[in-house]
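Participant: This structure is in structure tokens; I'll ask about it shortly.
Protein chains in written order, with the numbering used here: chain L, 474 to 615; chain W, -17 to 53.
Pasting the structure below:
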């Protein structure tokens, strides 16, 4: 199967795998979030991406990209932006709601961490949406 | 039915040209040639001309437009 994939497609699968491995615990393991943890994940994703992309580049002879790759990339960014904008509205509404009903005290020291968690989560979901949209577009051959 | 259809597969078979050879001549990936042949992707005008040149036929022999087709 790997030989039938283009260079761009292989890099997308690697990106998605890296994103799920690094960000998965953030969403599915209910641990205490912290600034250090978010920073650690950002460093981990960068390192993992560099390693995976280097391996794929080394193993792929034909690394050309063409107009279809660029079109699919744009579609991915559009989907990612729509996801980010939608989540931003939902996230801010939820923060406002929780503050309004008293679940969240905006003057507390923890509020910065709440905002960081929410915005980081939005970025992660938008990034995964972008990558997944591109993979689906490749699979549909569009 | 797609709006732009093509005869690339037939023309390529006549010349005993592989998808990879055509892709290399046109400057696209083999996956893009496959997508064009299956009418799942309509190439840009520039790529369409390059395909026609690589196959040695006029553009209209390679691609045809159906105004009733889906865009």
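Where is the CB? At the ideal position from N, CA and C, for every residue including glycine.
Can you confirm whether residue 22 (chain W), when its beta carbon is compared against all beta carbons of chain L, has any partner nearer than 8 Å?
Facilitator: yes
Participant: Should residue 28 (chain W) be labelled buried (16 or more other beta-carbon atoms within 10 Å of its own) or exposed?
Facilitator: exposed
Participant: I need the straight-line Cα distance from residue 482 (chain L) to residue -3 (chain W), nearest angstrom please.
Facilitator: The straight-line gap from Cα to Cα measures roughly 29 Å.
Participant: Using a cut-off of 7 Å between C-beta atoms, extract the partners of residue 479 (chain L) located in chain W.
Facilitator: 11, 13
Participant: With DSSP as the reference, label residue -9 (chain W) as helix, strand or coil.
Facilitator: helix
Participant: For residue 45 (chain W), list the residues DSSP reports as bridge partners.
Facilitator: W:-12
Participant: Taking the alpha-carbon of residue 592 (chain L) as reference, which of L:495, L:511, L:490 has the nearest alpha-carbon?
Facilitator: L:511
Participant: Grab the span of the alpha helix (DSSP H) containing residue 587 (chain L) for me, first residue to last.
Facilitator: 584 to 612
Participant: Taking a cut of 9 Å between CB atoms, which residues from the region 533 to 556 of chain L lie near chain W?
Facilitator: 535, 537, 538, 539, 540, 541, 542, 544
Participant: Measure from the C-beta of residue 0 (chain W) to each C-beta in chain L and report whether the shortest distance is under 8 Å.
Facilitator: Closer than 8 Å: no.
Participant: Given a threshold of 16 other Cβ atoms within 10 Å of its Cβ, counted over all protein chains shown, does residue 479 (chain L) qualify as buried or as exposed?
Facilitator: buried
Participant: Taking 6 Å as the limit between beta carbons, can you name the residues of its chain near residue 12 (chain W), skipping five residues before and five after?
Facilitator: 1, 2, 5
Participant: Just checking, does the region 593 to 613 of chain L make contact with the region 551 to 570 of chain L on the three C-beta pairs under 8 Å criterion?
Facilitator: yes
Participant: Take residue 595 (chain L) as the anchor and find which of L:566, L:560, L:609 has the nearest alpha-carbon.
Facilitator: L:560
Participant: Please go through the same chain and pick out, in chain order, the residues whose beta-carbon is closer than 7 Å to the beta-carbon of residue 484 (chain L), but skip the five residues on each side of it.
Facilitator: Here the set comprises 526, 529.
Participant: Here's the rule: buried if 16 or more other CB atoms are within 10 angstroms of the residue's CB, otherwise exposed. What is residue 570 (chain L)?
Facilitator: exposed
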